[in-house]
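Residue numbers (the numbering used here): 6 to 298.
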Ligand code: GUN
C-alpha cells in the first residue's frame, strides 16, 4: 500500500505557484489577488478562510478578507459580490459556505462573475466543466485529479465508484472521472443514500472515492484487493485524549482498508491540503485567463 501524500504534493504545488509569482513580479506584472467573503462567525468557516488567506501569503498572492455580520441582508451580500465582480484588481473570489439560512446560496453563486468564480460553484462553471471547456473546477475534485495525475494512477478503463452526490464533490468528481481526459476515461458509478446494493458496488471499484461525511463508513470488507481509495471525509470526532478535544476522522476506516488497497489518502494530510492548493491554482488561472471567458 502506498500513501497518496496530499500534504507533500500540496507543498510542491505551492512552491511551483510561488515560483510563477516570482516570475510575474520580475516581469513587472500584477500579482494574483484572491478575495474571500465570510458571513458570520462559524468556527470551522473562520478556520478555513484564515487558512486560505495564509496560503495566499505563502505563495505571494494578494488577498482581501471581507467579513460581514451573520444578519447581513441578502441584498447587501449581493451588492458586495457585485463590487468584487467590478473590481479590476480582484482576479478571483469566493463566498464561504454555508451561509445563514436567510440567504439563498443559489442566488449568490448566480451573482458571481464566472470569470472570477475560483470556487467553480456557479452553473456556468459546472456546465463548462461538463463540456471540458476552460473553466474553474471546484477545489476538492480538482485536488483529487491533481493527486491522481502526479502519482500516475492509471484511471483509463477502470471502474470508478464515487460515494456521495454533493454539488461540491461527488457530482463533479463523477463527471471528471468519466471525461475523455487523463486522469479520467473511467467507467463511473455514483452511489448515494438510495442505492440499495452500495456495499456490492463499492467492492467492484478499482478506484473508490468517498465523500459522504460519515466517519469510518467504508470498511475493509467493502474494498477490492488492490483498489485505489480516496477519502474526502474530514469529521471532528470528540476525543478527550487530544489537546483540542477532538480528532479528525475520514469516511474510510484506514486500519482495515489500508491492508487491502494499493493507494490510499490519509486523513488528515490527504485530500484537505490538495483542496487548499487547488484554490491557489484556480486564482492563478483566473489571472491568466482574464478576458477569455
Ligand atoms: N465551505 C466548505 N468548503 C468550501 C469551499 O471549497 N468553498 C467555499 N466557498 N466554501 C466552502
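Glycine included, C-beta positions come from ideal geometry on N, C-alpha and C. All figures in this text were calculated on a predicted structure; none of them were measured in a lab.
In the structure shown, residue 294 falls within a coil segment according to DSSP collapsed to helix, strand and coil. The distance from the Cβ of residue 286 to that of residue 99 is about 14 Å, inconsistent with a contact at the 8 Å cut-off.
Judged by beta-carbon spacing, residue 163 lies within the 9 Å limit of residue 212, meaning their Cβ atoms are closer than that value. By a beta-carbon distance limit of 8 Å, residue 228 contacts residue 234. Their separation comes to about 6 Å.
For residue 236, the uninterrupted beta strand (DSSP E) segment begins and ends at 233-236. The alpha-carbon of residue 262 is positioned some 47 Å away from that of residue 94.
No heavy atom of the ligand GUN is found nearer than 8 Å to the CB of residue 294.
DSSP places residue 9 outside any alpha helix (DSSP H), giving it a letter other than H or E.
In this chain, the alpha helix (DSSP H) harbouring residue 50 covers 48-64. Residue environment analysis places residue 295 among the exposed positions, since fewer than 16 neighbouring C-beta atoms fall within 10 angstroms of its C-beta. For residue 37, the number of other beta carbons within 10 angstroms of its own is at least 16, and it is reported as buried. For residue 114, DSSP assigns no beta-bridge partner whatsoever. Restricting attention to 181, 151, 152, 171, the CA atom closest to the CA of residue 165 is found in 181. Residue 243 is bridged by DSSP to 251. C-alpha of residue 78 to C-alpha of residue 105: approximately 10 Å in a straight line.
For residue 185, the closest of 220, 41, 207, 136 by C-alpha to C-alpha distance is 136.
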